[in-house]
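*Asks:*
In my numbering, the protein residues as written are 2 to 144.
1) Under the three-state reduction of DSSP, which class applies to residue 26: helix, strand or coil?
2) Starting from the Cα of residue 14, find the closest Cα among 27, 28, 6 and 38 and give me that residue.
3) Does the contact criterion of 3 or more C-beta pairs under 8 Å hold for the stretch 114-130 versus the stretch 81-97?
4) Label residue 10 either buried or exposed according to how many other C-beta atoms from any shown protein chain fall within 10 Å of its C-beta, with 16 as the threshold for buried.
5) Select from 42, 45 and 117 the residue whose C-alpha is nearest the C-alpha of residue 64.
6) Taking only the alpha-carbon atoms, compute the straight-line gap between residue 46 and residue 83 and give it to the nearest angstrom.
7) To which residues of the same chain is residue 59 closer than 7 Å at the C-beta, ignoring the five residues directly before and after it?
8) Pick out whichever of 108, 24, 40 and 6 has its Cα sitting closest to the Cα of residue 76.
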């Protein structure tokens, strides 16, 4: 893409914070990260992370329950356009002390202050599109 006044707002290459690059080898065993957006990539941007889940794994990067000071939305989507509601796999996620088993395309709203995770990918029959976004600015995580 040619450089223009607004081209800095269009991200087409994966640029991750150094702290996430250190764990990307482990992450790549079960997922393919596509793009990352935050204030370090585009000044003023809120956090968003996009990936494909490719394999089941009991150990994701989100094994420990944690909380944010901003709202978060977590999404899991089917890769089958003929059946977009059938996830083609199964994901477990904990919201506070309740386990939720997701086997349909879903978006999960996690209000600021709600403890969530672990996140476990229990079955992948076909790639699962995944995203997280924290709309309140910086991605702050307390464990």
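Just so you know, even glycine gets a beta-carbon here, dropped at the ideal spot from N, CA and C.
*Replies:* From the atom records:
1) helix
2) 38
3) yes
4) exposed
5) 117
6) 34 Å
7) 121
8) 108
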